[in-house]
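Have a look at the structure below before the remarks.
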Ligand SMILES: [Fe+2]
Ligand SMILES: [Fe+2]
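Numbering (our numbering), first residue to last: 1 to 357.
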């Protein structure tokens, strides 16, 4: 059960109003007087053990004095907690380990439009942020080294954008259903749930780092452009838009896979002992012994793989009449049908022949 009321009792320090760099980010750290990370004592301050938070800055190590509740619980004594309408399906370790980087080949001009747009966006984003993805066995120059801070910057920006398509698609299908006075056949819920899931990714990363004003400005600008662009594109061709999101999610899986590999190979030492924030533990129902930063990235990567499968699948369907296969109860329950979980993700990847024809 998700409880934003319970999980939001964290008082991170406010990031400075004067960022020192373009992609400024404040890493949240927690000190309990010992060097050991402890999620429960870190996130839920105890009276007996004074807890204080500091915002480490890339240039100045001076802690900021302002304290702000980042997304606080409702200030109402009658409210115990705020529940979520979308409970996240439970993933097992084996299922998450089975997630693979995969690519659906473009088959016609509309696929190439979607893929080309994603590749252009990726190139632009990488160029602006100075990111380079290493090829197999390739050693990149030191300036391309990804630190914990750089990864968090990237994750926050990308997740703030990733939450847009599901909301636009769900909203437009909702309005279409109202306008035409027809059923939607289950698409709206899946699309809105995807947007909700992406927002949970964002909120989770915001428990680990807080953006400065420049990053907020970038997010604002990107959302303004991307929302309107995707809105118009979805009006013209929802099929190409779902294909576009499918290819975008392929890139997301690639990015998280690289981050996980870097963590596992010891290149991100600050994350070795870092535990997942309480918001993540509750949302993904993370087992007690699976709450490290690595586990968190595995959960998020599995979500991205699911978005990849769902959007490529939706793109294959007749947008006007086909029911959403992820919300359908089938006459023959034995056959391997799409589901909300990732239990059907094959070791070879996400491609499901029966729904990708
Ligand atoms: Fe995401
Ligand atoms: Fe995603």
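Each residue gets a CB set at the ideal place from its N, CA and C atoms; glycine is no exception.
Residue of the options minimising C-alpha distance to residue i
i	options	result
residue 288	81, 152 and 92	92
residue 255	100, 319, 321 and 276	100
residue 249	294, 138, 88 and 162	162
residue 276	149, 103, 207 and 159	207
residue 251	185, 306, 85 and 337	306
residue 303	200, 261, 278 and 213	200
residue 262	229, 134 and 317	134
residue 283	84, 175, 323 and 79	84
residue 315	94, 115 and 74	115
residue 236	273, 168, 259 and 160	168
residue 258	145, 88, 178 and 87	145
residue 194	125, 164, 330 and 178	164
residue 148	313, 232, 74 and 274	274
residue 125	341, 218, 240 and 105	218
residue 87	190, 106, 159 and 176	190
residue 90	119, 290 and 107	290
residue 340	102, 313 and 127	313
residue 342	175, 213 and 94	94
residue 321	183, 264, 227 and 212	183
Identified DSSP bridge partners for residue i
i	result
residue 292	275
Cβ pair residue i, residue j closer than 8 Å
i	j	result
residue 166	residue 203	no
residue 298	residue 96	yes
residue 152	residue 205	yes
residue 246	residue 311	yes
residue 234	residue 172	yes
residue 238	residue 139	no
residue 154	residue 129	yes
residue 286	residue 271	no
residue 327	residue 221	no
residue 358	residue 325	Because the chain in this structure spans residues 1 to 357, residue 358 falls outside the shown range and cannot be described.
residue 110	residue 308	no
residue 113	residue 240	yes
residue 253	residue 301	yes
residue 223	residue 160	yes
Min CB distance residue i to chain C below 8 Å
i	result
residue 142	This model lacks chain C altogether; it includes just one protein chain.
Exposure of residue i, with buried meaning 16 or more beta-carbon neighbours within 10 Å
i	result
residue 157	buried
residue 77	exposed
residue 181	exposed
residue 210	buried
residue 34	Note on residue 34: pLDDT 38, under 50, position unreliable in the model; no value is reported.
residue 230	buried
residue 142	exposed
residue 188	buried
residue 364	As shown, the chain starts at 1 and ends at 357. That puts residue 364 outside it, with no answer to give.
residue 281	buried
residue 105	exposed
residue 296	buried
residue 212	buried
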